[in-house]
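K.L.:
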Amino acid sequence: MRNGFTWLTRILTSFFPRANYLKRLIWFGCLSVSIPVVLAGSTYYHFSMKELTQQITENNQASLVLLKDRMENVLFNIENDSLKIAVHPSIKENLGRSGFSTDFITQMSILDALTLHKNANSMISEIIFYDKKEQFVLSNDYGYSPIDRFGYKQDIEAAMSQKETVKWTYLPRSSGEGDISFVRLLNAGETQGVVIINVKEKTLRSTLVNYSTNSKNQALAVLDSSGRILLHSTDRKLLGLPAQSVPGLKEAALNSEPSADNERVEAADGQNLLMQFNRTTLGRTYVSLVPESDMQRQLLWIRWVIVFSIGVFLFVGILLNLIVTRRAYNPIEQLIRYGEHLQKGQITPQGNEIEYIKSCLSYLNEQATTLEGYLKRLQPGLRDQLLIKLLKSYVGRKTTICEECEQYGIPLQGRFVVLVAIVENIFKEKRFLPSEGAIVMFAVTNVMNELLAKSALQGYVVEHGEREGVAILHFPEGIETAQITAKVKAFAEEIRSALQTYMAFSVAVGIGGQREDVLHLSESYREAQRALQHRIFDEAQTVISFEELDQIGKQTLFTYPRDQERLIIEALARGELVLAEQELNVFSQNVKTSESYNMIFQCYHVLLTSIIQSLEEKGPGVIDQLGDNWFDQLKARQTSREIYEWFIEVIFPLYQQITDESRKMGARVVVHKVCRHIKEHGGANHSLVECSEMVGMSPSYFSRLFKKEVGLSFVEYVMEYKVEHAKQLLRDTDLNVMEIAEKVGYSERNLNRAFQRYVSMTPKQYRVSLR
């Protein structure tokens, strides 16, 4: 509670400062004008919204009544036609009678009656009569037809399965053609037949006229007695669905009695709608949905009037307050302006005006304190920059360098040793992204700084690039060289152990030689880097001193392992990655015998170049798939283990991926060429031997390749294509079966066998089925 009161006090103080009386008077004047205007406008807005809602409710109710009368008249006419057809003497007396299916005179009478009713009502598109016992159908469009050959058999089965005697519904096939159906079952103890009247849903929907002028986005819907959507003025996808599953309509389906007021509902897209409905004695429900946003847009002008009025009164109030309070506030304002002039705008008035004047008097003391702290914070950064210049063999006047060293407290004489620490295998570090090398080195240099501060050694730690943490140790004159070497090695081992224990980093440390002058730090730094390069052929060492490397002899004779390179590339080309890894291991052991950093790296560069050339021989465009610069990635690896793992984990899988994609693409081109040849020469007798010779492959290999790409054997594909070609000729031409067999390259007997296998009928039977 107390915290809330303090927060409220701060807000009020920011708006009404106790000392700035001019702003305080202006704020109170603006509030006294704007609050009554806002209250009056809000009240008017509230009553206007209520009145408009009532008006829309009345208009929608009247519109629903007109819509209901018009639509019920249309539906009644169609239902009445259905009843007249059902009680027609020819249907009533012959329904279920044996021999009715062959009584063509009676059937003609019924067809005349169906035609009469269809022509009398322009909305009817089709009338269907079905006799269940005799299994035949009479319709306007198709006349007499057995039920098994009737195209709308699925609709008749759906109609016969319904429980209601009469019902408006969407049948499976008719609904796909845009029809809504009125179904009447013909009963005599049990269902003996059905009369179906199809009406174009688009024509029936055109009677859903919006008589209301309040909204152009009004949606109208008609629900049947079971709650299913018969018609919808805006969304045809909802037709036939239960209204309970449609947001905005389920309320109308669930409510038993309509309300005199609008009911606010939420649509599927989250939009608020005003809903009204009217239900007939037959159970049909007529629903009106009006977007609430339409009503709000009609009151938009009221909001703008309120905003404009507030703006005018605020402007007048501010102007009057400025004029009235200017004389009383003028002396204080002049004093503040004079203080600002003396400080040249470096201090802004805050709080009480008297406090501002006091702050001007203490300004010089505060600036002096700030400047002193800034120089203390800036000094370590400038010192590190100077040390990095010395590590890079900074060229400049010796007197200038000495002056800068004395300024930052860097000794000029003594014994200097440079240590370089790098994180090994940082590419596999999952805790950091590849671009976050600076964060890793920041952590490394922090640990080195803490260790240096705890030890008895003197020196500095700087970060060089994003891979090296550099420690510059200084020893006074008079200490023996062996003692310095021991202390430096101990400190290097302490760095490696601490980073391994606390940061889980594997670190290698290179130690440069001792120098007696700060100007020669670059020499010790380069020696430390060369010591680290020694890990490329002896990665077991983690702390390496340059002075100890002189005892290691160098092999003078070395031959590039060309045989291992050839075996690696051949294994990769065959997809044998395990063999390629084994040969790469032999290659790595051979190049290590050179004991030369430059020689080892050159060998790996040659191997990488040969792999790229091998890929380029796979075909044009393969090199474009390589992505990043491989040589830059290789250069970033420092040890033979890192290089070996990079080849195994990056280069070899990518090589296999590219070669596999190249093989698959070539196989697709070959199969596509053969398929196109078969289609262009449909009448020829295609054989596996002929097509395999055309693409330059053996028949067995081409057969396996074809089945892998197409999913069918070569013979099955040719036979299916010829059958499809023959079916097309049977549909589109009047050629006899023998002529068609010649055109597809078959004898009449073979064509009959192929049709029996794939179509389960003869060509002649297939042609008859089409007619």
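Just so it is clear: in the sequence shown, position 577 is 577 by full-length UniProt numbering, and no numbers are missing. Every residue, glycine too, gets a C-beta built ideally from N, C-alpha and C.
Evaluate the contact criterion for the stretch 220 to 228 versus the stretch 136 to 155: three or more CB pairs, one atom per stretch, below 8 Å.
P.N.:
The stretch 220 to 228 vs the stretch 136 to 155: no contact.
K.L.:
Is any heavy atom in the ligand MN found nearer than 7 Å to the beta carbon of residue 89?
P.N.:
The model depicted lacks the ligand MN and carries no ligand whatsoever.
K.L.:
Could you tell me whether the Cβ atoms of residue 513 and residue 475 are closer together than 8 Å?
P.N.:
As a working mapping, residue 513 is identified with position 513 in the sequence shown. As a working mapping, residue 475 is identified with position 475 in the sequence shown. No, Cβ-Cβ distance for residue 513 and residue 475 is not below 8 Å.
K.L.:
Exposed or buried, which one is residue 316 when buried takes at least 16 other CB atoms within 10 Å?
P.N.:
In the sequence shown, the residue the question calls residue 316 occupies position 316. With fewer than 16 other Cβ atoms within 10 Å, it is exposed.
K.L.:
Should residue 502 go down as buried or exposed, given a rule of 16 or more other Cβ atoms within 10 Å for buried?
P.N.:
Locating residue 502 in the sequence shown gives position 502, counting from the first residue. Result: exposed.
K.L.:
For residue 543, which residues of its own chain have a beta-carbon under 8 Å away from its beta-carbon, when the five flanking residues on both sides are left out?
P.N.:
Counted from its first residue, the sequence shown places residue 543 at position 543. Result list for residue 543: 489, 492, 493, 496, 508, 509 and 511, in chain order.
K.L.:
Does the separation of the CB atoms of residue 65 and residue 130 fall below 8 Å?
P.N.:
As a first step, residue 65 must be located in the sequence shown, where it is residue number 65. As a first step, residue 130 must be located in the sequence shown, where it is residue number 130. No; because the gap between Cβ atoms is not below 8 Å, this pair is not in contact.
K.L.:
Excluding five sequence neighbours on each side, which residues of the same chain lie with their C-beta closer than 8 Å to the C-beta of residue 671?
P.N.:
In the sequence shown, counting from the first residue as 1, residue 671 sits at position 671. Here the set comprises 705, 706, 709 and 710.
K.L.:
Go ahead and pull the three-state DSSP assignment for residue 78.
P.N.:
In the sequence shown, counting from the first residue as 1, residue 78 sits at position 78. Of the three classes helix, strand and coil, the one that applies to residue 78 here is helix, per DSSP.
K.L.:
Excluding the 5 residues flanking residue 390 on each side, which residues of the same chain have their C-beta closer than 6 Å to its C-beta?
P.N.:
Looking up residue 390 in the sequence shown gives position 390. Cβ neighbours of residue 390 beyond the five flanking positions: 521.
K.L.:
Looking at the structure shown, is residue 276 part of a helix, part of a strand, or coil, going by DSSP?
P.N.:
One-based indexing of the sequence shown puts residue 276 at position 276. Here residue 276 sits in strand by DSSP.
K.L.:
Is there contact here, the stretch 677 to 690 with the stretch 718 to 731, by at least three beta-carbon pairs under 8 Å?
P.N.:
These segments touch.
K.L.:
Here's the rule I'm using: 16 or more other beta-carbon atoms within 10 Å means buried, otherwise exposed. How should residue 561 be labelled?
P.N.:
Within the sequence shown, residue 561 is the residue found at index 561, counting from 1. By the 10 Å Cβ count, residue 561 comes out buried.
K.L.:
Leaving aside the five residues before and after residue 546 along the sequence, list all residues of the same chain whose C-beta is less than 8 Å from its C-beta, in chain order.
P.N.:
As a working note, residue 546 is residue 546 in the sequence shown. Only 510, 511, 512, 513, 527, 528, 530 and 531 meet the Cβ criterion.
K.L.:
Give the range of the beta strand (DSSP E) segment to which residue 263 is assigned.
P.N.:
Start at 1 with the first residue of the sequence shown, and residue 263 comes out as number 263. Start and end: 263 to 266.
K.L.:
Can you tell me which residues form a DSSP beta bridge with residue 715?
P.N.:
Position 715 of the sequence shown, counted from the start, is the residue given in the question as residue 715. For residue 715, which the question treats as bridged, DSSP gives no partner whatsoever.
K.L.:
Quick one: what's got a C-beta closer than 6 Å to residue 468's C-beta in the same chain, skipping five residues either side?
P.N.:
Position 468 of the sequence shown, counting from 1, holds the residue named residue 468. Taken in chain order, the residues that qualify are 420 and 422.
K.L.:
Just grab the DSSP bridge partners of residue 508 for me.
P.N.:
What you label residue 508 is simply residue 508 of the sequence shown in a count that begins at 1. Paired residues: 422.
K.L.:
For residue 208, does the three-state DSSP call read helix, strand or coil?
P.N.:
In the sequence shown, the residue the question calls residue 208 occupies position 208. Reduced to three states, the DSSP call for residue 208 is coil.
K.L.:
Under 8 Å, do residue 786 and residue 78 count as touching if we go by C-beta distance?
P.N.:
Only positions 1 to 771 of the chain appear in the structure, and residue 786 is not among them; the question remains open.
K.L.:
How is residue 458 classed by DSSP in three states: helix, strand or coil?
P.N.:
For this step, residue 458 is matched to residue 458 along the sequence shown. Three-state result, residue 458: strand.
K.L.:
For residue 683, collect the residues of the same chain with a Cβ closer than 7 Å to its Cβ; drop the 5 residues on either side in sequence, then sort them by chain order.
P.N.:
One-based indexing of the sequence shown puts residue 683 at position 683. Taken in chain order, the residues that qualify are 743, 744 and 745.
K.L.:
Compute the distance between the beta-carbons of residue 200 and residue 176, then report whether it is under 8 Å.
P.N.:
Start at 1 with the first residue of the sequence shown, and residue 200 comes out as number 200. Start at 1 with the first residue of the sequence shown, and residue 176 comes out as number 176. Not closer than 8 Å, so no.
K.L.:
Hey, how far is the Cα of residue 751 from the Cα of residue 674?
P.N.:
Locating residue 751 in the sequence shown gives position 751, counting from the first residue. Locating residue 674 in the sequence shown gives position 674, counting from the first residue. Straight-line Cα distance between these residues: approximately 22 Å.
K.L.:
If you run the structure through DSSP and keep just helix, strand and coil, what is residue 128?
P.N.:
For this step, residue 128 is matched to residue 128 along the sequence shown. Strand.
K.L.:
What are the boundary residues of the alpha helix (DSSP H) that includes residue 758?
P.N.:
Taking the first residue of the sequence shown as position 1, residue 758 is located at position 758. Element bounds for residue 758: 748 to 758.
K.L.:
Could you name the residues of the same chain whose beta carbon sits closer than 7 Å to that of residue 449, not counting the 5 residues immediately before and after it, in chain order?
P.N.:
Locating residue 449 in the sequence shown gives position 449, where the first residue counts as 1. So the qualifying residues of the chain are 461.
K.L.:
Roughly how many angstroms separate the alpha carbons of residue 197 and residue 245, rounded to a whole number?
P.N.:
Working through the sequence shown from its first residue, we reach residue 197 at position 197. Working through the sequence shown from its first residue, we reach residue 245 at position 245. Roughly 28 Å separates the two Cα atoms.
K.L.:
Compute the Euclidean distance between the alpha carbons of residue 552 and residue 638, then round it to the nearest angstrom.
P.N.:
The residue given as residue 552 occupies position 552 in the sequence shown. The residue given as residue 638 occupies position 638 in the sequence shown. Only weak support exists for where residue 552 lies, its pLDDT of 48 falling under 50; the value from the coordinates is given anyway. The alpha-carbon atoms of residue 552 and residue 638 are separated by roughly 20 Å.
K.L.:
From residue 96 to residue 134, what does the alpha carbon distance come to, in whole angstroms?
P.N.:
Residue 96 sits at position 96 when you count from the first residue of the sequence shown. Residue 134 sits at position 134 when you count from the first residue of the sequence shown. Computed Cα separation, rounded: 7 Å.
K.L.:
Kindly identify the DSSP beta-bridge partner or partners of residue 288.
P.N.:
For the purposes of this step, residue 288 is identified with residue 288 of the sequence shown, where counting begins at 1. In DSSP, residue 288 forms a bridge with 220 and 276.
K.L.:
To the nearest angstrom, how far is it from the Cα of residue 109 to the Cα of residue 122?
P.N.:
Along the sequence shown, read from residue 1 onward, the residue named residue 109 stands at position 109. Along the sequence shown, read from residue 1 onward, the residue named residue 122 stands at position 122. Answer to the nearest angstrom: the Cα atoms are 21 Å apart.
K.L.:
Would you identify the three-state DSSP class for residue 281, choosing helix, strand or coil?
P.N.:
As a position in the sequence shown, residue 281 is number 281, starting the count at 1. If DSSP states are grouped into helix, strand and coil, residue 281 belongs with coil.
K.L.:
CA-CA distance, residue 231 and residue 736?
P.N.:
On the sequence shown, position 231 is the one that residue 231 refers to. On the sequence shown, position 736 is the one that residue 736 refers to. If you take the alpha carbons of residue 231 and residue 736, they lie about 51 Å apart.
K.L.:
Given a cut-off of 8 Å, decide if residue 518 and residue 452 are closer than it, judged by their beta-carbon atoms.
P.N.:
Taking the first residue of the sequence shown as 1, we reach residue 452 at position 452. Taking the first residue of the sequence shown as 1, we reach residue 518 at position 518. Not closer than 8 Å, so no.
K.L.:
Compute the Euclidean distance between the alpha carbons of residue 81 and residue 128, then round it to the nearest angstrom.
P.N.:
The residue you call residue 81 lines up with position 81 of the sequence shown. The residue you call residue 128 lines up with position 128 of the sequence shown. Roughly 12 Å separates the two Cα atoms.
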